[in-house]
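Comments concern the structure below.
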Amino acid sequence: MSLFRNTLPILEYDDDSNAIIMPGHSTDFHFPERAIMLFMETEVENYALENDCEIIGQFITITKLFPVYKTVHNGVELAVCQAPLGGAAATQIMEQLIAGGVKKIIATGCCGALFTDNEGDFYIPVSALRQEGTSYHYLPPSREVSLNDNAINAIAKVLNDRGFSYKKCKTWTTDGFYRETKEMVEYRKAEGCSVVEMECASLAACAEFRNIIFGQLLFTADSLANIESHDTRNWGNRHFSLAMDLAMDAAVEVN
Numbered sequence: 012m013s014l015f016r017n018t019l020p021i022l023e024y025d026d027d028s029n030a031i032i033m034p035g036h037s038t039d040f041h042f043p044e045r046a047i048m049l050f051m052e053t054e055v056e057n058y059a060l061e062n063d064c065e066i067i068g069q070f071i072t073i074t075k076l077f078p079v080y081k082t083v084h085n086g087v088e089l090a091v092c093q094a095p096l097g098g099a100a101a102t103q104i105m106e107q108l109i110a111g112g113v114k115k116i117i118a119t120g121c122c123g124a125l126f127t128d129n130e131g132d133f134y135i136p137v138s139a140l141r142q143e144g145t146s147y148h149y150l151p152p153s154r155e156v157s158l159n160d161n162a163i164n165a166i167a168k169v170l171n172d173r174g175f176s177y178k179k180c181k182t183w184t185t186d187g188f189y190r191e192t193k194e195m196v197e198y199r200k201a202e203g204c205s206v207v208e209m210e211c212a213s214l215a216a217c218a219e220f221r222n223i224i225f226g227q228l229l230f231t232a233d234s235l236a237n238i239e240s241h242d243t244r245n246w247g248n249r250h251f252s253l254a255m256d257l258a259m260d261a262a263v264e265v266n
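Using my numbering, you'd call the opening residue of the sequence shown number 12 and step up by one each time.
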């Protein structure tokens, strides 16, 4: 076990898998081995009501309570949980799911487009640029974190089988929503990022550290393709339910 020191605190890293406070320290939940984390709220609640889903756990945070539902999709049990905005908060939920027995997680949510596209276009991240803080608590410093091939292939198969086009991409994960400056956007585009969001690198790092399978399906909401004018479009709202359904298919598919 080693503590790696650095003059910059964000780059200091401890590879000890045990911490003073461990996930699951105040709960005794038992979840299915497959789960979906959904960066949406209304769609999760509506699905749970319409399908009479059982609540099998709940995570209490300062801001709200996050219930975990159980559903059966294509004959396979899944845990279904809303994911909060931001890598740090979302990773806390992921840690609790893993502590309850989850070994395969598919997340889905919207992202910002960096190039001209249509609202609702699908992207599968194969790597995430780490311009956030949470991933540095889980993996040694590096520019990017790679996502799991099994999860990538499962998401791609579902999209192919259902006739949806998509692109595999590098995503830019940032925790500075209001610091996406013109020059920074152009810089990220130049190094190969297609989309921007706030959680993927954090979740991928946690998953690698905890040795579980994780993948993410993104769909574009707003657009930064024209750096002179932010186009909010409809924030991807028409595509949330479809993305949830596709994530369920991928969670069943992943090996």
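Just so it is clear, CB atoms sit at the ideal spot from N, CA and C, and this is done for glycine as well.
For residue j and residue i, the rounded distance between their alpha carbons
{"i": "Ala-167", "j": "Ser-146", "result": "25 Å"}
{"i": "Leu-150", "j": "Leu-253", "result": "33 Å"}
{"i": "Ala-201", "j": "Thr-192", "result": "14 Å"}
{"i": "Ser-37", "j": "Asn-171", "result": "41 Å"}
{"i": "Glu-305", "j": "Ala-118", "result": "This structure gives no information on residue 305, because the portion of the chain shown stretches from 12 to 266."}
{"i": "Asp-186", "j": "Cys-217", "result": "16 Å"}
{"i": "Ile-223", "j": "Lys-115", "result": "6 Å"}
{"i": "Arg-173", "j": "Asp-256", "result": "11 Å"}
{"i": "Glu-54", "j": "Leu-14", "result": "42 Å"}
{"i": "Leu-49", "j": "Ala-165", "result": "17 Å"}
{"i": "Thr-82", "j": "Leu-60", "result": "11 Å"}
{"i": "Asn-57", "j": "Val-137", "result": "31 Å"}
{"i": "Tyr-189", "j": "Asn-245", "result": "19 Å"}
{"i": "Thr-127", "j": "Leu-140", "result": "20 Å"}
{"i": "Pro-78", "j": "Ala-99", "result": "18 Å"}
{"i": "Val-195", "j": "Leu-158", "result": "Here the sequence assigns Met to residue 195, which means Val is not the residue at that position. Cα to Cα, the separation comes out at about 23 Å."}
{"i": "Gly-22", "j": "Ala-262", "result": "At residue 22 the sequence reads Leu, which differs from the Gly that was named. Each residue's Cα considered, the two are about 33 Å apart."}
Residues bridged to residue i [DSSP beta-bridge criterion]
{"i": "Arg-141", "result": "Thr-184"}
{"i": "Ile-224", "result": "Lys-115"}
{"i": "Ile-135", "result": "Lys-179"}
{"i": "Phe-126", "result": "Bridge partners of Phe-126: none, in fact."}
{"i": "Ser-234", "result": "Ala-124 and Asp-242"}
{"i": "His-148", "result": "Beta-bridge pairing links His-148 to no other residue."}
{"i": "Leu-14", "result": "Asp-25"}
{"i": "Leu-229", "result": "Gly-120 and Tyr-134"}
The beta strand (DSSP E) enclosing residue i, as first and last residue numbers
{"i": "Glu-208", "result": "204-208"}
{"i": "Ser-252", "result": "First-last for Ser-252: 251-264, but that is the alpha helix (DSSP H), not the beta strand (DSSP E)."}
{"i": "Ala-90", "result": "87-93"}
{"i": "Glu-239", "result": "From DSSP, Glu-239 is part of no beta strand (DSSP E); its letter is neither H nor E."}
{"i": "Glu-155", "result": "155-157"}
Limits of the alpha helix (DSSP H) - the one that residue i falls within
{"i": "Tyr-198", "result": "193-201"}
{"i": "Gly-247", "result": "No alpha helix (DSSP H) contains Gly-247, which DSSP labels as neither H nor E."}
{"i": "Glu-106", "result": "98-110"}
{"i": "Leu-170", "result": "160-172"}
- Item | Three CB pairs or more closer than 8 Å across the stretch 109-125 and the stretch 195-207 | yes
- May I ask you to verify whether the stretch 175-185 touches the stretch 232-244, counting CB pairs closer than 8 Å and requiring at least 3? no
- In chain order, each alpha helix (DSSP H) run of at least 4 residues that lies wholly inside the stretch 36-82: 53-61
- Query: Is the stretch 210-219 in contact with the stretch 130-149, if contact means three or more CB pairs nearer than 8 Å?
  - Reply: yes
- Are the stretch 239-249 and the stretch 90-98 touching, with three or more C-beta to C-beta distances below 8 Å? no
- Message: Three Cβ pairs or more, each shorter than 8 Å: is that satisfied between the stretch 216-230 and the stretch 129-138?
- Response: yes
- Task: Say whether the stretch 63-82 touches the stretch 15-29, bearing in mind that this needs 3 or more beta-carbon pairs closer than 8 Å, one atom from each stretch.
- Result: no
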